[in-house]
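With the first letter of the sequence shown counted as 1, position 471 gets the number 469 in our numbering; the numbers rise by one all the way through.
Ideal Cβ positions, reconstructed from N, Cα and C, are used throughout, including at glycine.
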Amino acid sequence: MSISSSSTREEDTLSVVSSIRHDNLAQVLENLPKQLTKESLLRLHRACLECDTKYLPQSVEVADMLLSVLLDKQTPAAEQQLALTVLQHFISQQQLECVLPSLSIPQIELLLPLLFVAIKDFSAVDSRLLDALKDPKVNSITKRSILCFYTQLAQISPDRVSPQAKDTIIGIIPLWLNDPSLKNFTASNQVRSHTSDQFLNVATFSLLPVWLGVSHSENHPKKSALFEATMEYSAAVVELAMQINATENATVLCQAVQCLNELCTYDESQQSWAIKVVNKIKSVDFLLCLQVESFCCKFSQDPQRSVALANVSVSSIISAALSNTSNAHTVVEFLRSNLQNIARHVQYNFPGYLKIFARFPKHIDLTEVLAASITEENFEHVFRKLLLCPAVTAALIAPHDKLRQDVVDAIKPTLDMLLGETFSSDARGDLYLERMVSSLASMKHYRRVALAASTVANSLLHTYFETLESKYPQRYFELLSRLLCKFPKRLVLPVEGYLEEIQHMIIELFCENVSFIPNVAETLRQSEHAAVVIVKLLGDAEEDTCEDYLSVLMEHLQKYSRGSRIIRVVNAAALVAQKVSPEQRSLLLETLSQMNIKPSEAELNERINQVSAEIQQNETLIYTNSVLFNIIDNLYRS
């Protein structure tokens, strides 16, 4: 009941508010002057925004007043735009269709944004607009507006573009492209930054891909002329932009590369020429580098070409990404959307892109990029780079912390080895890296460092092992064995729980895949985690396997007679002893008795005595039961 009452109150409130807004609009309409001023337009616009859309009336009188303001040549551009915005609320489709035939082309140009919303059939103005595109008396600004209108229409509602419009536009674009002096919407004679000519070029390249796609999808007879003209125009703009300044003209060059990308996708015969054109582009602008890299990786037949280009451009890409989160998201999103085309680039430069995650561990998800970067040649290097991520985060933070100048000075000589953008081949690399990790250890409590460690341990390493198992299972099993035997602890920044989480993961994966791993006993002999692994595997182990496990544990007892982990070995041996023969238990007792335990290690000494006593007691019970069985058996036989 209360819910119903509450709902009713809300509806009443909405009704009151809507009626107030409607009354406000009605009041404004009632007091409108015959000659609309800027103030009255603003008041009307505000009232329309405040009013619920279902209460907006269509008024012929108000629409006529707004049209007179819009079409008046003396009206400032800002007021024309305001009148157009308000007009869409009051004019009906019928009124607009009646008005259009009487308007001139410049007047229709002002109403083009309204045609999308108000009219479904453009036949009344279609032929006039297309004739205007071909009329030399019509100015270039109007022609560009008409072309933009048809381009938006082709993107939003392609079925509403008439065959006549497609034929006219596809036929006329090559004429404009081949004669930039006409200035209809092209300007390959000048591309300086922030000039009208540069904006014309940007506008051109934003329109061309749409009509390239239309002509290709319909196999238009004028398609080849459009493709050739696009290629020549793009080449001219790139050539001129590189002569002036590539950095200043990065925007138009990005558009040119995108256009060439579309062109080469539709027509393979254009690829060789387009590759030569794009290869001329040299810049440090990171967005332009991304476009060039994507193009070359997609169309270049030389497998080394993308890598060579990456060596030139990847530093600027990564440097820009490290500067702020917006750039970082742009770069990572580019990598995600182009992974198939730039796989070699990602694999070669993965350490550099991993720095972006290390810089912004809270904001950047590198899971997909990581999965694509793993190969049979680099999988071990990728693992080591993942381990080093928290150290990389600390190294990127240190220069911005005045209290860590001593850390910066300590790591500076070999910092390139930690922050390198490709995999290092220096034989002494691990030694330098271990020293840097040791120097950065004091930053382990930084929140960003801890977050990087948590993400690596709980997310990225899971992705790494899953990908390696699916792609290269044999390498996966070999790596698990090596990591269980010899884990590179000194490359791990001592963030709380980081090393323990990774080692726990490796132990679990080893136990899950133990049936696929050869020489398990030999691996355990070399591993400090043998006791933990054996306890996990003991449940399903047969007697022969248990004897191997006991042999491993006894070797550990002989080799490591002190230390905290030796208690785990003793406990594991006690469990295994329950599943082996009396002879094996006797060997274990002998091993325990020969251990050299210091008096200070009272806990270990007590545990060894306890385990020895348990084994001896069990042996006595077994012997007693055996004697009793023999007596009963003999009596039965007699």
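*Can you name, in chain order, every residue of its own chain whose Cβ lies under 7 Å from the Cβ of Val123, other than the five neighbours on each side?*
Sequence index remark: in the sequence shown, residue 123 carries index 125 (1-based). If we look at Val123 and ignore the five residues flanking it on each side, its Cβ neighbours are Leu98 and Ile106.
*Got a sec, what are the start and stop residues for the alpha helix (DSSP H) Glu378 sits in?*
Locating residue 378 in the sequence shown gives position 380, where the first residue counts as 1. For Glu378, the enclosing alpha helix (DSSP H) starts and ends at Phe377 to Leu385.
_Three-state secondary structure assigned by DSSP to Ala539_ = Locating residue 539 in the sequence shown gives position 541, where the first residue counts as 1. In this structure, Ala539 counts as coil in the three-state DSSP scheme.
*In this structure, does DSSP put Ile340 in helix, strand or coil?*
To locate residue 340, count along the sequence shown from 1; it is residue 342. Secondary structure of Ile340 (DSSP, three-state): coil.
*Counting along the chain, where does the alpha helix (DSSP H) carrying Leu69 start and finish?*
Taking the first residue of the sequence shown as 1, we reach residue 69 at position 71. In this chain, the alpha helix (DSSP H) harbouring Leu69 covers Val58 to Leu69.
*asked:* Going by DSSP in three states, Met(-1) sits in which element: helix, strand or coil?
replied: Your numbering for residue -1 matches position 1 in the sequence shown. Legend: pLDDT at Met(-1) = 37, less than 50; position of this residue unreliable, no value from coordinates given.
*What did DSSP end up calling Leu34 once you bin it into helix, strand or coil?*
On the sequence shown, residue 34 is found 36 positions in, with the first residue counted as 1. Coil.
*Spatially closest choice to Leu23 from Val512, Ser371, Thr73 and Leu42, by CA coordinates*: Within the sequence shown, residue 23 is the residue found at index 25, counting from 1. Of the candidates Val512, Ser371, Thr73 and Leu42, the one whose C-alpha sits nearest the C-alpha of Leu23 is Leu42.
_Cβ-based neighbour list, His379, same chain, cut-off 6 Å, excluding 5 preceding and 5 following_ = Counting from one through the sequence shown, the residue named residue 379 turns up at place 381. Closer than 6 Å at Cβ, skipping near neighbours: Phe421.
*Can you give me the Cβ contacts of Pro388 inside the same chain, cut-off strictly under 6 Å, excluding the 5 residues immediately before and after it?*
Residue numbering aside, residue 388 sits at position 390 when the sequence shown is read from its first letter. Within its own chain, the residues whose Cβ lies closer than 6 Å to the Cβ of Pro388, once the five positions on either side in sequence are excluded, are Val447, Ala450, Ala451, Leu491 and Val493, listed in chain order.
_Three-state secondary structure assigned by DSSP to Ser610_ = As a first step, residue 610 must be located in the sequence shown, where it is residue number 612. Helix, per DSSP.
*Taking just the CA atoms, how far does Glu467 sit from Asn511?*
Residue numbering aside, residue 511 sits at position 513 when the sequence shown is read from its first letter. Residue numbering aside, residue 467 sits at position 469 when the sequence shown is read from its first letter. Going from the Cα of Asn511 to the Cα of Glu467 covers about 10 Å.
*asked:* Taking the straight line between their C-alpha atoms, what separation do you get for His554 and Phe475?
replied: In the sequence shown, the residue the question calls residue 554 occupies position 556. In the sequence shown, the residue the question calls residue 475 occupies position 477. If you take the alpha carbons of His554 and Phe475, they lie about 24 Å apart.
*Tell me, please, whether the CB atom of Gly169 is closer than 8 Å to any CB atom in chain D?*
Annotation note: the requested chain D is absent from the structure, which comprises a single protein chain.
*asked:* Under DSSP, the alpha helix (DSSP H) around Gly418 begins and ends at which residues?
replied: Residue mapping note: residue 418 aligns to position 420 of the sequence shown, counting from 1. First-last for Gly418: undefined, no H or E at that position.
*When we look at the beta-carbon of Cys257 and count the other beta-carbons within 10 Å, is it buried (16 or more) or exposed?*
Sequence index remark: in the sequence shown, residue 257 carries index 259 (1-based). Around the Cβ of Cys257, a 10 Å sphere holds 16 or more other Cβ atoms; the residue is buried.
*asked:* Taking the alpha-carbon of Ser100 as reference, which of Leu69, Lys534 and Thr83 has the nearest alpha-carbon?
replied: Within the sequence shown, numbered from 1, the residue matching residue 100 stands at position 102. Comparing alpha-carbon positions, the option among Leu69, Lys534 and Thr83 lying closest to Ser100 turns out to be Leu69.
*asked:* Rounded to the nearest angstrom, what separates Leu416 and Pro580 at their Cα positions?
replied: Counting from one through the sequence shown, the residue named residue 416 turns up at place 418. Counting from one through the sequence shown, the residue named residue 580 turns up at place 582. Straight-line Cα distance between these residues: approximately 55 Å.
*Three or more beta-carbon pairs under 8 Å between the segment 563 to 581 and the segment 530 to 549, yes or no?*
As far as the Cβ criterion goes, the segment 563 to 581 touches the segment 530 to 549, which means the pair count is three or higher.
*By how many angstroms is the C-alpha of Val236 removed from the C-alpha of Ile279?*
One-based indexing of the sequence shown puts residue 279 at position 281. One-based indexing of the sequence shown puts residue 236 at position 238. Taking the straight line from one Cα to the other gives about 7 Å.
*Assumed close pair Leu108, Leu131 - CB separation to whole angstroms, cut-off 8 Å*: Numbered from 1 along the sequence shown, position 110 holds the residue referred to as residue 108. Numbered from 1 along the sequence shown, position 133 holds the residue referred to as residue 131. Leu131 and Leu108 do not touch by the CB rule: their CB atoms are close to 17 Å apart, not below 8 Å.
_For Lys132, the three-state DSSP class (helix, strand or coil)_ = Numbered from its first residue, the sequence shown carries residue 132 at position 134. Annotated three-state conformation of Lys132 is helix, per DSSP.
_Is the beta carbon of Tyr496 closer than 8 Å to that of Ala455?_
Residue 455 sits at position 457 when you count from the first residue of the sequence shown. Residue 496 sits at position 498 when you count from the first residue of the sequence shown. Between Ala455 and Tyr496, the CB-CB gap stays under 8 Å.
*How big is the Cα-Cα spacing for Leu548 and Lys596?*
The residue you call residue 548 lines up with position 550 of the sequence shown. The residue you call residue 596 lines up with position 598 of the sequence shown. Going by C-alpha positions, Leu548 is about 24 Å away from Lys596.
_Within 10 Å of its beta-carbon, does Ile242 have 16 or more other beta-carbons around it, so buried, or fewer, so exposed?_
Here residue 242 is taken as the residue at index 244 of the sequence shown, counted from 1. With fewer than 16 Cβ atoms within 10 Å of its Cβ, Ile242 is classed as exposed.
_Assuming contact is defined by CB atoms lying nearer than 8 Å, are Val282 and Ala233 in contact in what I supplied?_
Within the sequence shown, numbered from 1, the residue matching residue 282 stands at position 284. Within the sequence shown, numbered from 1, the residue matching residue 233 stands at position 235. It is not a contact, given that the beta carbons lie outside the stated cut-off.
*Could you say if the segment 320 to 335 and the segment 282 to 294 meet the contact criterion of at least three C-beta pairs nearer than 8 Å?*
Yes, the segment 320 to 335 touches the segment 282 to 294.
*Comparing alpha-carbon positions, which option in Thr166, Leu286 and Asp428 lies nearest Ile316?*
Stepping through the sequence shown from its first residue, residue 316 is reached at position 318. Selected option, being the one with the closest Cα: Leu286.
_Residue interval of the alpha helix (DSSP H) (run including Arg473)_ = In the sequence shown, residue 473 corresponds to position 475, counting from 1. Here the alpha helix (DSSP H) through Arg473 covers Pro471 to Cys483.
*Buried/exposed call for Cys252, threshold 16 Cβ in 10 Å*: For this step, residue 252 is matched to residue 254 along the sequence shown. Buried, by the Cβ-count rule.
_Beta-carbon separation (whole angstroms), Val531 vs Leu522, contact threshold 8 Å_ = Reading the sequence shown from its first residue, position 533 is the one you call residue 531. Reading the sequence shown from its first residue, position 524 is the one you call residue 522. The pair is a contact, with the Cβ atoms about 6 Å apart (cut-off 8 Å).
*CB Val312 to CB Glu419, shorter than 8 Å?*
Here the question's residue 312 lines up with position 314 in the sequence shown. Here the question's residue 419 lines up with position 421 in the sequence shown. Between Val312 and Glu419, the C-beta gap is smaller than 8 Å, which places the two residues in contact.
*Stretch-stretch touch, CB-based, cutoff 8 Å, three pairs: the segment 400 to 417 with the segment 431 to 439*: Verdict: yes, contact present.
*When Asp265, Leu386 and Ile340 are compared against Leu489, the one with the closest alpha-carbon*: As a first step, residue 489 is located in the sequence shown; it is residue number 491 there, counting from the start. Answer by Cα proximity: Leu386.
*For Met593, which of helix, strand or coil comes out of DSSP?*
The residue given as residue 593 occupies position 595 in the sequence shown. Correct three-state label for Met593: coil.
*asked:* Determine whether the beta carbon atoms of Ala718 and Pro172 lie at a separation below 8 Å.
replied: Any question about residue 718 goes unanswered here, given that the chain covers just -1 to 636.
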